[in-house]
Amino acid sequence: MIDAHHHLWDLSRRNYPWMAGSALEPIRRPYTVDDLRAVTKAAGVKGTVLVQTVSSAEETHEFLDTARAEPLIAGVVGWTDLTAPDVAERVAAFSGPLVGIRHQVEDEPDPAWLTRPDVSRGLAALGEAGLAYDLLVKPPQLPAALAAAKALPDQVFVLDHAAKPPISSGDWQPWADGVAALGELDNVYCKLSGLVTEADWARWKVGQLARWSEHVLESFGASRLMFGSDWPVCELAAAYEVVVDTAFSLTGSLSDAERLEFFDGTARRAYGLS
856 MIDAHHHLWD LSRRNYPWMA GSALEPIRRP YTVDDLRAVT KAAGVKGTVL
906 VQTVSSAEET HEFLDTARAE PLIAGVVGWT DLTAPDVAER VAAFSGPLVG
956 IRHQVEDEPD PAWLTRPDVS RGLAALGEAG LAYDLLVKPP QLPAALAAAK
1006 ALPDQVFVLD HAAKPPISSG DWQPWADGVA ALGELDNVYC KLSGLVTEAD
1056 WARWKVGQLA RWSEHVLESF GASRLMFGSD WPVCELAAAY EVVVDTAFSL
1106 TGSLSDAERL EFFDGTARRA YGLS
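Just so you know, we're using the numbering used here here: the sequence shown kicks off at 856 and counts up by one.
Here it is as structure tokens:
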């Protein structure tokens, strides 16, 4: 089993603006490689993809150092400034198992940020470097994500957290159509991750997530859908082992071969993991 999406952080080393507010107090503590080993061992996870948390090349270098020293971490999705004229050189300066780049597009005030000419040039540079691009978007940014993926058909895109469906409010559209449109593109993969924190943290049930996960599975199929825990963020709503059990429940209709794709093969292909 591969966990294709998790984080690590240390509040003594840097500031995490997205972690402000009392609601996130439960996870406002360091999460280390030792913590990662403990939760993944209990769940039977054999490899992971460590994903950036802030817009910091320094963090990416640190994550790559961590991955080189920790066999459990198979790859890193880091950050670089896609709008920088020398983006290709910046990417080349990273040393280690870098498999992708991500930016917090969900926080950009411009919903069309992904289609800006300077961003498009940066995305093209990632393709030339053989790196995937993780789409961290919400429903308002889905049209721009679709346009970017169509414009670069040879670039691998990975939709994080299934575009954060508004499960708690139940607003089906425009999320459903946006996800389905991305699913029609062969160069776009998707992570079934982060659903528990899009629902009511205290009262969610597996059955409440089924409608959303079934739509994602129908849109992408098992060969382009992968498991991600979104740990430690998931701890706001569920422990690591509960997230894993929930993923098994939500994919109960899959055949053994399809489930192997979801929990292992898709992540290997999308990120080029060994």
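Ideal Cβ positions, reconstructed from N, Cα and C, are used throughout, including at glycine.
query: Please identify the residue among Ser-1024, Leu-1007, Asp-1009, Lys-993 whose C-alpha is closest to the C-alpha of Ala-1017.; result: Lys-993
query: Can you give the beta carbon distance from Phe-918 to Val-931, rounded, assuming they're within the 8 Å contact cut?; result: 5 Å
query: Is it true that the CB of Leu-1007 sits closer than 7 Å to the CB of Leu-1037?; result: no
query: Hey, Leu-905 and Ile-928: beta-carbon distance below 7 Å or not?; result: yes
query: Using the C-alpha atoms, what's the distance from Asp-973 back to Asp-858?; result: 32 Å
query: Classify Gly-1120 as helix, strand or coil using the three-state DSSP reduction.; result: helix
query: Give me the Cβ distance between Gln-907 and Trp-934, rounded to the nearest whole Å; I'm assuming they're in contact under 8 Å.; result: 4 Å
query: Going by alpha carbons, who is nearest to His-860 out of Ala-939, Gly-1107, Ala-1004, Leu-1050?; result: Leu-1050
query: If you draw a straight line from the C-alpha of Gly-1062 to the C-alpha of Ser-1104, how long is it?; result: 9 Å
query: Verify whether the separation of the beta carbon atoms of Leu-986 and Gly-955 is less than 7 Å.; result: yes
query: Measuring straight from C-alpha to C-alpha, what distance separates Arg-1079 and Glu-913?; result: 31 Å
query: Are Ala-1102 and Phe-1075 close, meaning C-beta to C-beta below 7 Å?; result: no
query: Taking only three categories from DSSP, how would you classify Thr-903?; result: strand
query: Suppose only complete runs of 4+ residues qualify. What are the alpha helix (DSSP H) ranges in the stretch 930-958, listed by chain order?; result: 942-947
query: According to DSSP, is Ala-1093 part of a helix, a strand, or is it coil?; result: coil
query: For Tyr-988, name the three-state secondary structure that DSSP assigns.; result: strand
query: Going by beta-carbon coordinates alone, are Val-894 and Tyr-1095 separated by less than 7 Å?; result: yes
query: Taking only the alpha-carbon atoms, compute the straight-line gap between Leu-997 and Arg-923 and give it to the nearest angstrom.; result: 34 Å
query: Is the Cβ of Glu-983 closer than 7 Å to any Cβ of chain D?; result: Judged by its chain identifiers, the structure shown contains no chain D, having just a single protein chain.
query: On the CB-based measure, 16 or more other CB atoms within 10 Å of its CB, does Trp-1130 come out buried or exposed?; result: No statement about residue 1130 is possible, as the shown extent of the chain runs from 856 to 1129 and does not include it.
query: Could you tell me the alpha carbon to alpha carbon distance between Pro-881 and Thr-938, rounded to whole angstroms?; result: 34 Å
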